[in-house]
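Q: At position 55 of the sequence shown the residue is numbered 1241 (the working numbering), and the sequence of numbers has no breaks. This is the structure I have questions about; it appears just below.
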Amino acid sequence: MVNNIHFHILLTKYHYISACVKVGSRVWARAEKGCFLRGIVSAMDEEIHVQLDNGKKVRHKKENPECVVADAIPHVVEVEIGTRVLAKWYNRLDTYYPGTVVAVRRSFFDIRFDDGDKGCNELRELRILSQTGQDEGM
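Structure representation (C-alpha cells):
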C-alpha cells in the first residue's frame, strides 16, 4: 500500500480507530521550530510530501508518524490525561504545537506543550498525535 499510511489511535485498551493519511488528505505537518502548519498531502513515496497552506512544501519520512497528523477533530473519548495531541496556541489560528493533556475540565483540556508552556483548549482545537508502539501488547 504505497500511497496510504494508517495511524492507529488507542481509544481504550481494546479498541482502535484509524486515521488514514493519503494523497489529497488535509493534514497538519511539522514545519520550522517545532510548530505544525495545515496543508494537503501532495505525494507519497518513502516520504510524505505536504503542500502547506502558506505555499511552502515539507517532506517527512513515513517512519516518523508524529510529523504528519490527519486534520480530524477527535472524539471526546479519545482524549484523556496523558494523550499526546497537537493543540492550537492561543489566538494563532494557523499554528498548532505538540503537547500532552494534563487535565480535563468539562469541555476544556489543559495542555502542557513540549516546550513547557501551558494552554487550555476546546476539543475542536486538538488533533491526536499518532505514536508508534501503541498497539504493542494488544
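For each residue, glycine too, the CB sits at the ideal point set by N, CA and C.
#1: Alpha carbons only, please: which of Gly1241, Glu1249 and Arg1313 is nearest the one belonging to Glu1232?
#2: Entirely within the stretch 1250-1306 and at least 3 residues each: give me those beta strand (DSSP E) ranges in chain order.
#3: From this set, Val1265, Thr1281 and Asp1239, which residue's C-alpha is nearest Val1181's C-alpha?
#4: By DSSP's criteria, Leu1312 is part of a beta bridge. Which residues make up the other side?
#5: Are the beta-carbon atoms of Val1236 and Val1255 separated by less than 8 angstroms?
#6: Pick helix, strand or coil for Lys1208, following the three-state DSSP scheme.
#7: Measuring CB to CB, does Cys1221 end up less than 8 angstroms from Tyr1283?
A: So, from the listed chains and residues:
#1: Of Gly1241, Glu1249 and Arg1313, the residue nearest in Cα terms is Glu1249.
#2: List check, beta strand (DSSP E) in window: 1254-1256, 1270-1274, 1282-1291 and 1294-1299.
#3: It is not possible to answer for residue 1181, since the shown part of the chain is limited to 1187 through 1324.
#4: Beta-bridge pairing links Leu1312 to Ala1273.
#5: With contacts defined as CB atoms closer than 8 angstroms, Val1236 and Val1255 fail to qualify as a contacting pair.
#6: Lys1208: strand per DSSP, three-state reduction.
#7: A Cβ-Cβ contact shorter than 8 angstroms links Cys1221 with Tyr1283.
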